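Read through the structure below, which is laid out as structure tokens, and then see the notes.
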Amino acid sequence: MIDTANLSPWLWLVAPLVVIFAYTVFGMSGFGSTVISVPLLAHFLPVSYLVPLMVLLDLCAAIFVGSSGRQHVSREELKRIVPVMFVGFALGVTLLVKVPEGPLKFALGMFTVIVGIHGILNPVLIRTISVWWSVPAALLGGAIATVFGAGGPIYATYLSGRLKDKAALRATISTLISISAFSRAIVYAIGGLLLHLTILGGMVVLAPFVWLGLRLGTRIHIGLTQEQMRRAIGVLLTITGATLLIRSVL
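Each residue of the sequence shown is one higher than the last, beginning at 1 in UniProt numbering.
Shown next as structure tokens:
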């Protein structure tokens, strides 16, 4: 899958720093690691290697965050989202793979930027959105996760309009990410994409940096107020959307 003998020496410096930063964001908000790390590490490693590797790392990270805050998970929201999310997985496999990648990334990026800017400018949740928004959020989040591995921004957009408690917001998003990552890991394993020593080796090498990032992100999360948490998620959504816009253009 990759030739370890010809890897850039810079990778050994860049990869730990990128992973620490990506999982600091994940530890703070419950999502965002894949969207941050894959575009940066793709300068050194093939995407076909990075995507299954990040699925394994995200699965471990989401279990860590979700288990440590499982008492805060909104089970009502999970009951609404998870069944429809699996329909979204099927939708992504059967339909979105046929859509040109550039326009799809551009549309998702524009939507995410708009929602992120709104969250920055309006950090106080005055009125919760309708539960019916869970249907398009779960469908789109599941489909986007299948194609890009980046369903987190969609789940965060919906849940930030439903949950007032920052701990519930983070724990519920990370639980959805863990379910999504576990499902995709099974698909990748069946397809033989995980059965490579280089992927398992990469997971072992990067795991300590994932743990460090999660610890830093958790400390930041604890120190944030409700409004600061919502603004932080707004900033993350804006950066995520901008990244997708740039990738769609380039």
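Using N, Cα and C, we set each Cβ at its ideal position, and we do this for glycine too.
If you're wondering where the values come from, they're calculated on a predicted model, not measured in any experiment.
Close-in-space but distant-in-sequence residues of the same chain around residue i (CB under 6 Å, 5 per side omitted)
i	result
isoleucine 220	Met28
Helix, strand or coil at residue i according to DSSP, with G and I counted as helix
i	result
leucine 195	coil
threonine 94	helix
tryptophan 10	coil
residue 290	What is shown of the chain runs 1 to 250, which leaves residue 290 out entirely.
arginine 162	coil
valine 38	helix
isoleucine 129	coil
leucine 250	coil
leucine 45	coil
Proximity of residue i and residue j at Cβ, strictly below 8 Å
i	j	result
arginine 80	alanine 171	no
valine 35	alanine 150	yes
valine 147	glycine 92	yes
phenylalanine 31	alanine 156	yes
arginine 231	proline 123	yes
residue 277	valine 82	In this structure the chain extends from 1 to 250, so residue 277 is not present and cannot be described.
leucine 159	isoleucine 144	no
valine 65	leucine 163	no
Nonlocal neighbours in the same chain, by C-beta distance under 7 Å from residue i, ignoring five residues either side
i	result
glycine 217	Tyr23, Thr24, Val25, Phe26, Gly27 and Met28
Cutoff 8 Å; reference residue i; Cβ partners in own chain excluding five residues on either side
i	result
isoleucine 105	For clarity, residue 105 is lysine in the given sequence; the question names isoleucine instead. Within the same chain, lysine 105 has close Cβ partners Phe148, Leu244, Leu245, Arg247 and Ser248.
Quiz item: Is there contact between the region 116-126 and the region 13-22, where contact requires at least three CB pairs shorter than 8 Å?
Solution: No: the two stretches stay apart, fewer than three of their Cβ pairs being nearer than 8 Å.
Quiz item: Between the region 52-66 and the region 198-206, do at least 3 Cβ pairs fall closer than 8 Å?
Solution: yes
Quiz item: Counting pairs of Cβ atoms below 8 Å between the region 174-186 and the region 126-134, do you hit three or more?
Solution: Counting C-beta pairs with one atom in each stretch, the region 174-186 and the region 126-134 have fewer than three that are closer than 8 Å, which means they do not touch.
Quiz item: Does the pairing of the region 87-94 with the region 135-155 give three or more beta-carbon distances under 8 Å?
Solution: yes
Practice problem: Quick one: which unbroken alpha helix (DSSP H) runs of 4-plus residues sit fully inside the region 183-240? Chain order, please. | Solution: The alpha helix (DSSP H) runs of length 4 or more contained entirely in the region 183-240 are, from start to end of the chain, 197-223.
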